[in-house]
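First up is the structure itself, then whatever we jot down about it.
Number of protein chains: 2
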Amino acid sequence: MTAELISVGTEILLGNIVNTNAAYLSEKMAGLGISVYFETTVGDNEERLTMALKSALSRSDILVLSGGLGPTADDITKETAAKVLDLPLYLDENVKSSIEDFFEKRMIHKITENNWKQAMVPEGAQILFNPNGTAPGLILKSKEGDKTVILLPGPPGELKPLFEEQVVPYLEKMTDGVIYSRTIKTFGIGESMLEDAISDMLKNQTNPTIAPYAKTGEVHLRVTAKASDIQEAKKLIQPICDEVSKRFGKNIYSMDENETLEESIIKILQNREWKLVTAESCTGGLLAGRIVGVPGVSDVFGRGFITYSNRAKRKILEVNKKTLEEFGAVSSQTAKEMAVGAAIAAQAEVAVSVTGIAGPGGGTEEKPVGLVYIGCHIKEKNYVKKCMFSGNRQKIRESSVANALGFLRQCLIEYDELA
Amino acid sequence: MTAELISVGTEILLGNIVNTNAAYLSEKMAGLGISVYFETTVGDNEERLTMALKSALSRSDILVLSGGLGPTADDITKETAAKVLDLPLYLDENVKSSIEDFFEKRMIHKITENNWKQAMVPEGAQILFNPNGTAPGLILKSKEGDKTVILLPGPPGELKPLFEEQVVPYLEKMTDGVIYSRTIKTFGIGESMLEDAISDMLKNQTNPTIAPYAKTGEVHLRVTAKASDIQEAKKLIQPICDEVSKRFGKNIYSMDENETLEESIIKILQNREWKLVTAESCTGGLLAGRIVGVPGVSDVFGRGFITYSNRAKRKILEVNKKTLEEFGAVSSQTAKEMAVGAAIAAQAEVAVSVTGIAGPGGGTEEKPVGLVYIGCHIKEKNYVKKCMFSGNRQKIRESSVANALGFLRQCLIEYDELA
Numbered sequence: 452m453t454a455e456l457i458s459v460g461t462e463i464l465l466g467n468i469v470n471t472n473a474a475y476l477s478e479k480m481a482g483l484g485i486s487v488y489f490e491t492t493v494g495d496n497e498e499r500l501t502m503a504l505k506s507a508l509s510r511s512d513i514l515v516l517s518g519g520l521g522p523t524a525d526d527i528t529k530e531t532a533a534k535v536l537d538l539p540l541y542l543d544e545n546v547k548s549s550i551e552d553f554f555e556k557r558m559i560h561k562i563t564e565n566n567w568k569q570a571m572v573p574e575g576a577q578i579l580f581n582p583n584g585t586a587p588g589l590i591l592k593s594k595e596g597d598k599t600v601i602l603l604p605g606p607p608g609e610l611k612p613l614f615e616e617q618v619v620p621y622l623e624k625m626t627d628g629v630i631y632s633r634t635i636k637t638f639g640i641g642e643s644m645l646e647d648a649i650s651d652m653l654k655n656q657t658n659p660t661i662a663p664y665a666k667t668g669e670v671h672l673r674v675t676a677k678a679s680d681i682q683e684a685k686k687l688i689q690p691i692c693d694e695v696s697k698r699f700g701k702n703i704y705s706m707d708e709n710e711t712l713e714e715s716i717i718k719i720l721q722n723r724e725w726k727l728v729t730a731e732s733c734t735g736g737l738l739a740g741r742i743v744g745v746p747g748v749s750d751v752f753g754r755g756f757i758t759y760s761n762r763a764k765r766k767i768l769e770v771n772k773k774t775l776e777e778f779g780a781v782s783s784q785t786a787k788e789m790a791v792g793a794a795i796a797a798q799a800e801v802a803v804s805v806t807g808i809a810g811p812g813g814g815t816e817e818k819p820v821g822l823v824y825i826g827c828h829i830k831e832k833n834y835v836k837k838c839m840f841s842g843n844r845q846k847i848r849e850s851s852v853a854n855a856l857g858f859l860r861q862c863l864i865e866y867d868e869l870a
Numbered sequence: 452m453t454a455e456l457i458s459v460g461t462e463i464l465l466g467n468i469v470n471t472n473a474a475y476l477s478e479k480m481a482g483l484g485i486s487v488y489f490e491t492t493v494g495d496n497e498e499r500l501t502m503a504l505k506s507a508l509s510r511s512d513i514l515v516l517s518g519g520l521g522p523t524a525d526d527i528t529k530e531t532a533a534k535v536l537d538l539p540l541y542l543d544e545n546v547k548s549s550i551e552d553f554f555e556k557r558m559i560h561k562i563t564e565n566n567w568k569q570a571m572v573p574e575g576a577q578i579l580f581n582p583n584g585t586a587p588g589l590i591l592k593s594k595e596g597d598k599t600v601i602l603l604p605g606p607p608g609e610l611k612p613l614f615e616e617q618v619v620p621y622l623e624k625m626t627d628g629v630i631y632s633r634t635i636k637t638f639g640i641g642e643s644m645l646e647d648a649i650s651d652m653l654k655n656q657t658n659p660t661i662a663p664y665a666k667t668g669e670v671h672l673r674v675t676a677k678a679s680d681i682q683e684a685k686k687l688i689q690p691i692c693d694e695v696s697k698r699f700g701k702n703i704y705s706m707d708e709n710e711t712l713e714e715s716i717i718k719i720l721q722n723r724e725w726k727l728v729t730a731e732s733c734t735g736g737l738l739a740g741r742i743v744g745v746p747g748v749s750d751v752f753g754r755g756f757i758t759y760s761n762r763a764k765r766k767i768l769e770v771n772k773k774t775l776e777e778f779g780a781v782s783s784q785t786a787k788e789m790a791v792g793a794a795i796a797a798q799a800e801v802a803v804s805v806t807g808i809a810g811p812g813g814g815t816e817e818k819p820v821g822l823v824y825i826g827c828h829i830k831e832k833n834y835v836k837k838c839m840f841s842g843n844r845q846k847i848r849e850s851s852v853a854n855a856l857g858f859l860r861q862c863l864i865e866y867d868e869l870a
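Chains as they are written, first to last, in the working numbering: chain A, 452 to 870; chain B, 452 to 870.
In structure tokens form, the structure reads like this:
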């Protein structure tokens, strides 16, 4: 079974927004074991959308369209799809009352006439009620029954829940069986090195399949199995997960798709009832920013310091003046003293520090742009890691944050093993 | 003249990466006054890429392809495009020696055989030498001369400089005349409100054109004119810029495409020789993170405080215990005291603070998730703004950061006007 995506929206063609829906839907479809061979973006234009729909119907079984379902005259996705599939539209009373409900909850009592356009539904459509917006999603079938056309609203906050809660079960039924995935999340091993180390497993894979996904500093492996029931699927996946764990044990921080690296760290700290503090120079708060992104972090993280100037490093973190003079602000000595100083200032068991040269200026032959030191203090122990990152200022800072988290986790585990 | 984009790469179809190249190229093409009507993504598959190329050639004048130019057997973009256009490949000695140079600079002396694949060039191609990678870009012409096919490497760090430095001048020549854009960057006015307020200018626009682009908290207006020379183009644009300035003067923070909101603030502070300090609760360092993103910020910004817990707010920023008890951590009083305390602690003239409820927990009827207070201290004056943001934790935090910057700029200007 093959699928393709059609994104509808002139704002995408103008570069006004980045098409994150396409990436989201692609990943989800791959997770369902459905191959996506084409992705097309067209503007809110009937003629060109018709052209895109006809080509797609000629070569794929499932079409997933996003965008263009809103109330304005620009929004023509549903009308065009219905026309191409030759399905007449009718006013659906259930959809109409769900739109009324939506507005009532938001205490809007005057509903403009164009909103009822969204209650028009192509004959035979399956309606995907949308709790987060007024435009419902729709699943249409071609008259011959061999093609499925799924229409989803464009805003990601509406599209994602509709897809996960209503489209996934529908597609699972279509694919005849259960599809089950697990994501193995690793840190500190490059994508090509990882692929190399599991090349025997990647070769000739059919069921389960293994797909690597690279993020900054991380590589995720998604293992997907297809089976008649969930138990069977889990049974197929288990040996793969075990083998990967055996090969990369220390690099795996989670086997839960929704758990981030920072969440895995917060969990470790919560279990030990330890406090964490950050001390940042070149990252300027981005590291703490990721940590505070974890809901309920307050029992572990209370404060962080941004010490961009040497003066701030001395005054707030009590980094030695001599250390700064002798070794410089970007040195393993300074990274260490920053972490120790932060731990003392915050009375925390654990501290992580970052100091580096993010560029574009400030580099020397001896200390080039991209040189970053990460310090880690855990109770009485100190750890420092030297890194060389490439790219522009933003990329160097992002790599620094990712690696600070990765190093912190590694130190926490190492400390535990020695204890 | 119409164009379309074809992105080549199975990793995009798997959702492994978000297609930011498409958004970048779309925006650039719009800026050149060239309409993009279709964007297609296909995998590294000859049959399907051929299909995409043929449809695109049948309906558009210019095709911009990205990705699939690398050295591996998977990379088939150039070979497929040459086949479709019926252009034989030859080994180009100049490209070969530029690849040798590239490796030599990186002190790699053993070049694998597959790299020479990248020196194969379709007959008649214009070569776009690539200083950031080994695969050159290429501009091909159909034998009839009516179609232009531009091939660019996939990595954004290679694609962007090639496009800006070599493709833009080429397309400008093709469009017969000069295309000149200016971007008017506004903050604090919604996209629909702004569009409404300039609807008279947006209506029937042909030359110059005006296109609004919304970012978090910001709306950018790009004004693009086509003329026989640059002077003429600037003359066409000026009255539009003047009129927009007249209508939204205070909301405009820059007329320079490359200047960010934080950069415009840093500039104001540099001019006044003032220091800035940040005090963040729910944003947890993201605000300072954006400020430190500006190269050369060190003469203005030396330190920042992340005070997530009440204890940290009291201890580091000397927020009154009574204030926290009586009004709570999320209140205008606390926001004000955070800013004042940070200014004193850092001996800075200017301080900006953020305190709010980013959720998902912690909201009450009186203080719901999304409630955020922004404080601003400038010398002897204090300003506080109350905001209500929607969305998840991440979105609320991003909106908080954007609005803290917008509010800070507004306060700096207001202070100046009163002085």
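From the three backbone atoms N, C-alpha and C, an ideal C-beta is built for every residue, glycine too.
Small disclaimer: the values here were computed from a predicted structure and weren't measured.
Taking the Cα positions, Pro539 (chain B) is about 47 Å away from Glu694 (chain A). In summary, the residues of the segment 733-752 of chain A whose CB is separated from some CB of chain B by less than 8 Å are Cys733, Thr734, Gly735, Gly736, Leu737, Leu738, Ala739, Gly740, Ile742, Val743, Gly744, Pro746, Gly747, Val748, Ser749, Phe752, in the order they occur in the chain.
Within 9 Å of the CB of Ser850 (chain A), no CB atom of chain B is found; the nearest one sits about 14 Å away. Excluding its 5 nearest sequence neighbours in each direction, Gln577 (chain B) has C-beta neighbours in its own chain below 6 Å: Ile590, listed in chain order. Interface criterion not met: the Cβ of Tyr631 (chain A) is under 8 Å from no Cβ in chain B. Assignment of beta strand (DSSP E) within the segment 685-725 of chain B, counting only whole runs of 3 or more residues, yields 703-705 in chain order. Taking 8 Å as the CB threshold, Phe699 (chain B) stays off the interface with chain A.
The straight-line gap separating the alpha-carbon atoms of Gln721 (chain B) and Val803 (chain B) is approximately 16 Å. Those residues of the segment 811-830 of chain B placed with their C-beta closer than 8 Å to a C-beta in chain A are Pro811, Gly812, ordered along the chain. Closer than 9 Å at the C-beta level to chain B, one finds these residues of the segment 483-511 of chain A: Ser486, Val487, Tyr488, Phe489, Glu490, Thr491, Thr492, Val493, Gly494, Asn496, Arg499, Met502, Ala503, Ser506, Arg510. Residue range 832-839 is occupied by the beta strand (DSSP E) that includes Asn833 (chain B). By the C-beta criterion, the segment 482-490 of chain A is judged to be in contact with the segment 622-630 of chain A, since at least 3 inter-stretch pairs fall below 8 Å. Sorting A:Ile468, A:Tyr541, A:Ile864 by C-alpha distance to the C-alpha of Lys718 (chain A) places A:Ile864 at the top. Within the segment 456-474 of chain A, contact with chain B at the beta-carbon level (separation under 9 Å) is assigned to Leu456, Ser458, Glu462, Ile463, Leu464, Leu465, Gly466, Asn467, Ile468, Val469, Asn470, Thr471, Ala473, Ala474. Taking the C-beta atoms as reference points, Gly641 (chain A) is found no nearer than 8 Å to Asn702 (chain A). Chain order gives no chain B residues near Ala793 (chain A), where near means a beta carbon separation below 7 Å; the closest approach is about 11 Å.
Residue-level contact by beta carbon holds for Ile757 (chain A) and chain B, with a gap shorter than 8 Å. Within the segment 725-781 of chain A, the runs of alpha helix (DSSP H) at least 4 residues long that lie entirely inside it are, in chain order, 737-743, 761-768, 772-778. Judged by DSSP in its simplified three-state form, Glu490 (chain B) adopts strand. Under the three-state reduction of DSSP, Arg557 (chain A) is assigned to coil, being neither helix nor strand.
Within the DSSP bridge table, the entry for Val820 (chain A) names no partner.
No Cβ of chain B is located within less than 8 Å of the beta carbon of Ile649 (chain A).
Residue state for Pro604 (chain A) is assigned as coil, using DSSP reduced to three classes.
Along the length of the segment 525-559 of chain A, whole alpha helix (DSSP H) runs at least 4 residues long occupy 528-536, 544-556, reported in chain order. Inter-segment contact for the segment 727-738 of chain A and the segment 850-867 of chain A is present: three or more beta-carbon pairs are separated by less than 8 Å. Considering only B:Ile767, B:Val674, B:Gln861, the residue with the shortest C-alpha distance to His828 (chain B) is B:Gln861. When rounded, the separation of the alpha-carbon atoms in Val629 (chain A) and Ser679 (chain A) is 6 Å. Contact annotation: in the segment 831-846 of chain A, residues whose CB is within less than 9 Å of a CB in chain B are Gly842, Asn843, Arg844, Gln845, Lys846. Closer than 8 Å to the CB of Arg754 (chain A) there is at least one CB belonging to chain B.
A distance below 6 Å between beta-carbons, with the five flanking residues on each side excluded, links Asn761 (chain B) to the following residues of its chain, in chain order: Leu775, Ala780.
Shown here, Glu478 (chain A) sits in a helix according to DSSP, grouped into three states. In the three-state DSSP reduction, Thr785 (chain A) falls in the helix class (H, G or I). Contact check for Gly807 (chain B) against Tyr824 (chain B) passes: the beta carbons are separated by less than 8 Å. The C-alpha of Glu595 (chain B) is placed about 23 Å away from the C-alpha of Ser517 (chain B). Rounded to the nearest angstrom, the gap between the Cα atoms of Thr563 (chain A) and Ala524 (chain A) is 13 Å. By the neighbour-count criterion, in which 16 or more other beta carbons inside 10 Å mark a residue as buried, Asn467 (chain A) falls on the buried side.
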